[in-house]
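Step one of this worksheet: look at the structure below.
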Amino acid sequence: MSQIEQPNRIVIELDEKDYAILRLVQENAKLTVREIASRIHLSPTPTHERIKRLEQLQVIRQYVALVDNRKVNRKVMVICQVALKEHDKQTAHDFVSGIIGFREVVECYNVSGDYDFMLKILAESIESYHDFFINYLGEVKGIRKAKSVFVMDIIKDSHIVV
Numbered sequence: 000m001s002q003i004e005q006p007n008r009i010v011i012e013l014d015e016k017d018y019a020i021l022r023l024v025q026e027n028a029k030l031t032v033r034e035i036a037s038r039i040h041l042s043p044t045p046t047h048e049r050i051k052r053l054e055q056l057q058v059i060r061q062y063v064a065l066v067d068n069r070k071v072n073r074k075v076m077v078i079c080q081v082a083l084k085e086h087d088k089q090t091a092h093d094f095v096s097g098i099i100g101f102r103e104v105v106e107c108y109n110v111s112g113d114y115d116f117m118l119k120i121l122a123e124s125i126e127s128y129h130d131f132f133i134n135y136l137g138e139v140k141g142i143r144k145a146k147s148v149f150v151m152d153i154i155k156d157s158h159i160v161v
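Right, dumping it as structure tokens:
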């Protein structure tokens, strides 16, 4: 694994062992260094060093538990597309500042096309989403229009990147 310096960014080159570590950790973050080392045919010390380096370089950003939202009373998933009134830094900043603290918003993407942002929102029910949409999201400054798409079923839900 090496780094190539470029103006304003660092490109990280990963080798097959790095990718093998990433695949294993994505599948099960509870694996020990010894278990990972055994599976990639490397001793524990260099495996541990590679993992630490991947963490320091923010290739591995964090370790989390994936929770089934339906089993914790978040049965309604909504993809909400938002278009802003103006396309300037202040309006975008106001919008992001307005939604960042909402626990209902679990993902937010800045997108291209007819809408500026796409939010993934989890709610207990249609009624609770309606309340959130009217009383919270609707009060965020800078929104011109919003379109809600209700997810009927999840066909593929993967967190594995490499």
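Numbering (numbering that gives the first Met the number 0), first residue to last: 0 to 161. Using N, Cα and C, we set each Cβ at its ideal position, and we do this for glycine too.
- In this structure, V105 lies away from L83, with their beta-carbon atoms at least 7 Å apart.
- Contact check for I98 against V139 passes: the beta carbons are separated by less than 7 Å.
- Beta-carbon to beta-carbon, K74 and S124 are separated by about 7 Å, close enough to satisfy the 8 Å threshold.
- DSSP places Y18 within a helical segment (H, G or I) once states are collapsed to three.
- A direct Cα-to-Cα measurement between T46 and I35 gives close to 7 Å.
- 7 Å or more divides the Cβ of L56 from the Cβ of I20.
- Shortest Cα-Cα distance from F132 to any of D14, Q80, D115, Q89 involves Q80.
- In chain order, P43, T46, H47 place their CB closer than 6 Å to the CB of V32, counting only its own chain and leaving out the 5 sequence neighbours on each side.
- In the DSSP assignment, E106 falls within the unbroken beta strand (DSSP E) covering 104 to 109.
- Under DSSP, F116 forms a beta bridge with V81, N109.
- In the three-state reduction of the DSSP assignment, R143 falls in the strand class.
- Each residue's CA atom was taken as its position, placing Y114 and K146 some 9 Å apart.
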